[in-house]
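Here the sequence shown stands for residues -18 to -1, 1 to 77, where the numbers follow mature numbering (1 follows the signal peptide of the UniProt record, and there is no 0). Ideal Cβ placement from N, Cα and C applies to all residues, glycine included. Treat the numbers as computed from the prediction; the structure is a model and nothing was measured.
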Amino acid sequence: MRRYLLLGLLLASITAQAATSLRVGDKVLTIGDSAAYVQQLMGPPTVRTYLHRTDGSLTDDQVSRGEQWQYVQDNKIEIITIVNGKVTDFQTQYH
């Protein structure tokens, strides 16, 4: 029984780690890395979307609201959210 519990905890920790990092070739991007480092590893984004306030208005703090950068890699789209110049989230969409 302990073996199964240990295996479950190990799998859960691997899953949690995967959600906070993104492999790019032989390098790894992690939450908190700079936008400059993202561009150094991946180049300019294919699509850049600005995150707006929920009421749809544009504000001076638009940069602090963030951006989502999209990169196409190996039949999937990697979406990297940047807020205040730092990576805050990774999402993968398969197509």
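Rounded Cβ spacing between residue i and residue j (contact assumed at less than 8 Å)
i: Thr70; j: Ile13; result: 6 Å
i: Asn57; j: His77; result: 7 Å
Opening and closing residue of the alpha helix (DSSP H) in which residue i lies
i: Leu23; result: Ala17 to Met24
Proximity below 7 Å, CB of residue i to CB of residue j
i: residue 87; j: Gln55; result: In this structure the chain extends from -18 to 77, so residue 87 is not present and cannot be described.
i: Ser16; j: Gly67; result: yes
i: Gln50; j: Ile61; result: yes
i: Leu23; j: Val10; result: no
Buried or exposed by the 16-neighbour rule on C-beta atoms within 10 Å, applied to residue i
i: Thr2; result: exposed
i: Ile64; result: buried
i: Pro27; result: buried
Element boundaries [beta strand (DSSP E), containing residue i]
i: Ile61; result: Lys58 to Val65
i: Asp71; result: Lys68 to Tyr76
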